[in-house]
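Quick notes on the structure that follows.
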Amino acid sequence: MRQTIFIYLIFLLVGVPVLAIGNELPAPEGEVLLTVTGNIAHTNAGTQAHFDRELLKNLSPLTICTRTPWHRETSCFRGPLMRELLAAVGAQGDSIVVQALNRFEAEISVQELHDYDVILAMSRNGEPMPIRELGPLFVLYPFGEHPELHTEAVRFRSVWHVASIHVR
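For the sequence shown, the UniProt record's numbering assigns the number 1 to the initial residue and increments by one for each residue that follows.
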């Protein structure tokens with residue numbers, strides 16, 4: 001009986017803090033590029049999740065080479081899949097609201113992020129994207145692979161200068 005109680009106490013002292021740590025993301029060490037809020041389970045800044053370039057790079061980046069409505073030539077964009085970003089923060093919602101630095105907002109269905117390989121582009125042709133070139137973060141759809149994405153509605157949801165994402 002004492003051994004059972006001892007094991008239980010060890011679990012409480014050691015196991016519970018480990019479980020709590022599992023709900024926290026690593027803290028960003030560099031400049032925060034993205035803030036995720038709303039219905040999320042994993043945070044690193046109070047009730048928010050902050051990401052710098054390195055934290056975003058660690059989220060299984062994908063490269064999409066495509067021609068966009070904003071570029072004359074095919075470019076190769078790289079960044080994490082939006083659905084992977086949402087999984088990293090433990091998002092639980094049906095939609096997200098993406099907000100740009102200038103406060104422009106677009107709502108995107110979470111289902112759409114599972115139907116298509118939408119990325120949060122961080123680089124174009126191997127170079128970080130400056131603000132004057134739609135950066136530092138840009139919601140990019142795989143236009144080249146899916147002609148049905150060439151619509152005004154999808155272009156509206158292709159937010160550039162992304163600053164925050166709110167999970168609804």
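Every residue gets a Cβ at the ideal spot worked out from N, C-alpha and C, and that includes glycine.
So who's on the other strand from residue 99, going by DSSP bridges?
Beta-bridge pairing links residue 99 to 105 and 164.
Using a beta-carbon distance below 8 Å, is residue 85 in contact with chain B?
In the displayed structure, chain B is absent; only one protein chain is listed.
As a quick exercise: from 72, 41, 69 and 30, pick the residue whose alpha carbon is nearest that of residue 52.
30
Please report the straight-line C-alpha distance between residue 19 and residue 165, rounded to a whole angstrom.
Confidence is the limiting factor: at residue 19 the pLDDT is only 29, short of 50, which leaves the residue's position unreliable and the question unanswerable from this model.
What residues are listed by DSSP as bridge partners for residue 50?
35
In chain order, what residues of the same chain have a beta carbon less than 8 Å from the beta carbon of residue 94, not counting five sequence neighbours either side?
Annotation for residue 94: 109, 110, 111 and 168 place their beta carbon closer than 8 Å to its own, counting only its chain and skipping 5 residues before and after.
Whole-Å CB distance - residue 26 paired with residue 44, under 8 Å assumed
Correct: roughly 6 Å between the Cβ atoms.
According to DSSP, is residue 21 part of a helix, a strand, or is it coil?
Because the pLDDT at residue 21 is just 43, under 50, the model does not fix this residue reliably, and the value given afterwards should be weighed accordingly. Here residue 21 sits in helix by DSSP.
Tell me which residue opens and which closes the alpha helix (DSSP H) that residue 156 is part of.
Where residue 156 is concerned, the enclosing alpha helix (DSSP H) starts and stops at 152–157.
Taking DSSP as the reference, what is the three-state secondary structure of residue 59?
Residue 59 falls in the coil class under three-state DSSP.
Please confirm whether residue 23 and residue 49 have their CB atoms less than 8 Å apart.
no
Simplified DSSP state of residue 86, which is helix, strand or coil:
helix
Reduced DSSP secondary structure (H/G/I, E/B, other) of residue 148:
helix
Name the residue from 28, 133 and 85 whose alpha carbon lies nearest to the alpha carbon of residue 114.
85
With a CB to CB cut of under 7 Å and the five nearest residues on each side skipped, what residues in its chain are close to residue 21?
With a pLDDT of 43 at residue 21, under the threshold of 50, the modelled position of that residue is not reliable, and the figure given next carries that caveat. The answer is none, since no qualifying residue turns up.
Is it true that the CB of residue 106 sits closer than 8 Å to the CB of residue 156?
yes
Between residue 163 and residue 99, which are expected to be in contact by the criterion C-beta below 8 Å, what is the C-beta distance as a whole number of angstroms?
Yes, residue 163 and residue 99 are in contact; Cβ-Cβ is about 6 Å, under 8 Å.
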